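The sequence shown begins at 1206 in the numbering used here and counts up one residue at a time. Glycine included, every Cβ here is placed at the ideal spot set by N, Cα and C. From a predicted model like this one, the values you see are computed outputs, not experimental measurements. Down below is the structure, laid out as structure tokens.
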Amino acid sequence: MRADAAIGLLGGSFDPVHRAHLELAHAARRTLGLDAVWLVPARTPWQRASLGASPEHRRAMVALAISGEKGLELCDVELTRAGNSYTIDTLNTLRARHPDARFTLLLGADQLLNFTTWKDWTHILDLADLAVAPRPGEPWRVAADLAAALGARARTVSTIEMPLRDISATRIRARCAQGLTVDDLVPARVARYIEQHHLYSNH
């Protein structure tokens, strides 16, 4: 990539990665004019209970999901770092590797509402712009107001325009546990991987 590339960072547990993740990434790249969006799976999300799939499985599923998807890349910086996965640590690492790149942190409205509880959240605003996407069932007006408040500290807070999709990893794991298909919720290659490795299954 060129030194001053505009990169969107989409972090999460991706347990598993699903179609709404890809739609958000493409919408952000399109509406924000990003050169690429990097999907950043967390090794140990500090605000989450134990995960259903190992870091290795979640990395493999993200790689399968974005294969052939223009402008989407896997960034495994958190998977290779021990301990809890903190966004501030990731941004410090990426800024050291790519000092001239412009990073934009892509968040769902639900994440934005909790943003001020993140480790060193004020420093995050020094290292990256923020872009927020709506989520079904989330108080978008509240999120928009908070984004405006953060804008006084952040370099830029943008809104990602995209259709609302009622897809969640929780729902996908529940369907897998019941032996139901998830082909409509995850990319086909990810669905096959989940089935082959018996992920999220009670059987």
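Looking at threonine 1309 and alanine 1336, is the spacing between their C-beta atoms short of 8 Å?
Walking along the sequence shown from the start, residue 1336 turns up at place 131. Walking along the sequence shown from the start, residue 1309 turns up at place 104. For alanine 1336 and threonine 1309, yes; Cβs fall inside 8 Å.
Below 8 Å, how does it come out for the region 1254-1267 and the region 1210-1221: are there three or more Cβ pairs, yes or no?
yes
Integer-rounded CB distance, given that isoleucine 1329 should sit under 8 Å from isoleucine 1415:
Because residue 1415 is not part of the residues shown, which for the chain are 1206 to 1408, the question remains open.
Between the Cα of aspartate 1393 and the Cα atoms of Ser1272, Ala1211, Trp1243, which residue gives the shortest distance?
Residue mapping note: residue 1393 aligns to position 188 of the sequence shown, counting from 1. Here the sequence assigns alanine to residue 1393, which means aspartate is not the residue at that position. The option with the nearest alpha carbon to alanine 1393 is Ser1272.
Candidates Val1242, Arg1263, Ile1212: closest to alanine 1306 by CA position:
Taking the first residue of the sequence shown as 1, we reach residue 1306 at position 101. Looking at the Cα atoms, Ile1212 is the closest of the given residues.
Residue(s) in a DSSP beta bridge with threonine 1327:
Position 122 of the sequence shown, counting from 1, holds the residue named residue 1327. Answer is none; threonine 1327 lacks a bridge partner.
Spatially closest choice to leucine 1312 from Asp1388, Arg1302, His1226, by CA coordinates
For this step, residue 1312 is matched to residue 107 along the sequence shown. Of the listed residues, the one whose Cα sits closest to leucine 1312 is His1226.
Pick from Pro1304, Leu1215, Phe1320, Glu1261 that is closest to glycine 1276, judged by C-alpha positions
Translated into positions along the sequence shown, residue 1276 becomes position 71. For the residues Pro1304, Leu1215, Phe1320, Glu1261, the minimum Cα distance to glycine 1276 belongs to Leu1215.
Taking Cβ positions, are arginine 1286 and arginine 1248 nearer each other than 8 Å?
In the sequence shown, the residue the question calls residue 1286 occupies position 81. In the sequence shown, the residue the question calls residue 1248 occupies position 43. In contact: arginine 1286 and arginine 1248 (Cβ atoms closer than 8 Å).
Have a look at alanine 1378 and tryptophan 1326 and give me their C-alpha separation to the nearest angstrom.
Counting from one through the sequence shown, the residue named residue 1378 turns up at place 173. Counting from one through the sequence shown, the residue named residue 1326 turns up at place 121. For the sequence presented, residue 1378 should be read as arginine rather than alanine. Looking at the two C-alpha atoms, the distance is approximately 30 Å.
Give me the Cα-Cα distance between methionine 1246 and proline 1368, rounded to the nearest whole angstrom.
Here residue 1246 corresponds to residue number 41 of the sequence shown, with the count starting at 1. Here residue 1368 corresponds to residue number 163 of the sequence shown, with the count starting at 1. As written in the sequence, residue 1246 is proline, which differs from the methionine given in the question. Distance between the alpha carbons of proline 1246 and proline 1368: 23 Å.
Which residue's Cα is closest to the Cα of aspartate 1371: Ala1208, Arg1207, Ala1210, Glu1228?
Along the sequence shown, read from residue 1 onward, the residue named residue 1371 stands at position 166. Closest option to aspartate 1371, Cα to Cα, is Glu1228.
Could you tell me which of Ile1399, Arg1234, Val1282 sits nearest to arginine 1380, measuring between CA atoms?
In the sequence shown, residue 1380 corresponds to position 175, counting from 1. Of the listed residues, the one whose Cα sits closest to arginine 1380 is Ile1399.
One or two residues paired with glutamate 1162 in a DSSP bridge
Given a span of 1206 to 1408 for the chain in the structure shown, any question on residue 1162 remains unanswerable.
Please classify proline 1304 as buried or exposed, where buried requires at least 16 other C-beta atoms within 10 Å of its C-beta.
Sequence index remark: in the sequence shown, residue 1304 carries index 99 (1-based). By the neighbour-count rule (16 or more Cβ atoms within 10 Å), proline 1304 is not buried but exposed.
Would DSSP call alanine 1208 helix, strand or coil?
Looking up residue 1208 in the sequence shown gives position 3. Correct three-state label for alanine 1208: coil.
What are the boundary residues of the alpha helix (DSSP H) that arginine 1263 is part of?
Looking up residue 1263 in the sequence shown gives position 58. Here the alpha helix (DSSP H) through arginine 1263 covers 1260-1271.
Closest to arginine 1263 by CA distance: which of Leu1390, Ser1290, Val1395 is it?
Counting from one through the sequence shown, the residue named residue 1263 turns up at place 58. The option with the nearest alpha carbon to arginine 1263 is Val1395.
Would DSSP call aspartate 1315 helix, strand or coil?
The residue labelled residue 1315 in the question sits at position 110 within the sequence shown. Aspartate 1315 falls in the helix class under three-state DSSP.
List the whole-angstrom C-beta distance separating alanine 1382 from arginine 1340, where the pair is believed to meet the contact cut-off of C-beta under 8 Å.
Indexing the sequence shown from 1 puts residue 1382 at position 177. Indexing the sequence shown from 1 puts residue 1340 at position 135. About 23 Å; that fails the 8 Å criterion.
In terms of alpha-carbon separation, which member of Leu1404, Val1391, His1402 lies closest to alanine 1198?
Outside the displayed span of the chain (1206 to 1408) sits residue 1198, for which this structure offers no information.
Among residues of its own chain, excluding the 5 on either side of alanine 1232, which ones have a beta-carbon nearer than 6 Å to its beta-carbon?
On the sequence shown, residue 1232 is found 27 positions in, with the first residue counted as 1. Same-chain partners within the cutoff: Ile1365, Met1367.
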